[in-house]
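Q: Shown below is the structure under consideration.
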Amino acid sequence: MTSQSFFWDRIANHYASQPIGDEASYQKKLDRTQEYLTSESRVLEFGCGTGSTAIYHSPKVGRILATDISDQMLNIARGKAKEAALNNIDFEQSSLLTIDSPNESWDVVLGMSILHLLSDKDAHIRKAYELLKPGGVFVSSTACIGDMGSWFKFVAPVFKWTPFLPSVQVFGVESLKQSFTQAGFAIEYEWQPEPNSAVLLIARKPNG
Ligand SMILES: C[S@@+](CC[C@H](N)C(=O)[O-])C[C@H]1O[C@@H](n2cnc3c(N)ncnc32)[C@H](O)[C@@H]1O
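Under this note's numbering, think of the first position of the sequence shown as 45, with each following residue one higher.
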């Protein structure tokens with residue numbers, strides 16, 4: 045168990061009990077994502093948490109593999125999917141970087157509220173690119189703390205030294221977009237509900 049999975053395991057029940065901060069924006073992000081989904085889609089989500097996003101999209105797609113490093117988050121997600129009688133979602137404990145999946149085998153990769161929590165977001169973006177089929181899309185929602193005017197961006201970098209806080213990376217929207225384009229993606233859609241809120245980016249891997 046890493047210090048990060050320790051942190052997320054410890055807060056899983058609390059996380060599951062919290063209402064969504066900005067319900068309207070979350071719903072708009074779900075709706076926008078669904079414009080990219082079909083009944084044939086093979087969807088890979090990483091950092092799926094308690095599974096809410098995967099469960100919401102499940103009736104619209106062929107198959108979803110929802111992954112997370114936290115066993116406790118996944119236990120809650122599995123319980124929710126079972127209760128909803130969904131049979132096209134598999135939950136798996138893994139990191140995107142070590143996932144056992146052939147390249148170019150997914151139509152959509154989802155990474156919601158996760159890229160700012162990774163010490164190596166660029167490696168994750170490159171891996172998503174490899175895993176996507178040509179023409180596939182990577183849908184992400186990311187807190188860009190570097191653009192925030194608050195004191196938080198100065199304090200956040202020290203979080204990684206303690207297992208009692210999440211590791212948080214500080215970067216802005218422009219730098220995030222650059223990471224996508226450097227990996228080969230073309231950014232197709234960008235939406236930030238408020239100046240300091242998480243940005244939705246939909247990035248496409250070019251065809252051929
Ligand atoms: C802020 S929560 C977001 C959960 C979910 N995507 C959502 O939008 O509600 C972050 C999730 O990422 C997971 N996580 C943290 N580091 C990870 C990593 N390196 N690889 C995969 N998942 C990770 C945590 O366990 C947690 O479930």
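Don't be surprised by glycine CBs; every beta carbon is placed ideally from N, CA and C.
Under a Cβ-count criterion, where at least 16 other Cβ atoms within 10 Å of its own Cβ denotes burial, should residue 185 be classed as buried or exposed?
A: Buried, by the Cβ-count rule.
Q: Do you know how far the Cα of residue 182 is from the Cα of residue 57?
A: Each residue's Cα considered, the two are about 28 Å apart.
Q: Since residue 141 is in the alpha helix (DSSP H), which residue starts that stretch and which ends it?
A: Careful: residue 141 lies outside any alpha helix (DSSP H) and carries neither H nor E.
Q: What did DSSP end up calling residue 149 once you bin it into helix, strand or coil?
A: Note: residue 149 maps to coil in three-state DSSP.
Q: I'd like to know whether the C-beta atoms of residue 72 and residue 94 end up nearer to each other than 8 Å.
A: Not a contact, by the Cβ cut-off of 8 Å.
Q: For the putative contact between residue 53 and residue 116, defined by C-beta atoms under 8 Å, what is the C-beta separation to the nearest angstrom?
A: Contact holds; Cβ gap of about 4 Å.
Q: So within the segment 52-112, which uninterrupted alpha helix (DSSP H) runs reach at least 4 residues, ignoring any that extend past its ends?
A: Within the segment 52-112, the complete alpha helix (DSSP H) runs of at least 4 residues are 67-78, 96-101.
Q: Would you mind sorting residue 141 into buried or exposed? The rule is 16 or more other CB atoms within 10 Å of its CB.
A: Exposed, because fewer than 16 other Cβ atoms sit within 10 Å of the Cβ of residue 141.
Q: Spatial neighbours of residue 171 within its chain, please: CB distance less than 6 Å, with the 5 preceding and 5 following residues excluded, ordered by chain position.
A: Result list for residue 171: 140, 141, in chain order.
Q: Leaving out five residues before and five after residue 100 in sequence, what residues of the same chain have Cβ atoms less than 6 Å from its Cβ?
A: For residue 100, where only same-chain residues beyond five positions count, the Cβ hits under 6 Å are 74.
Q: In three-state DSSP terms, what is residue 175?
A: Residue 175 falls in the helix class under three-state DSSP.
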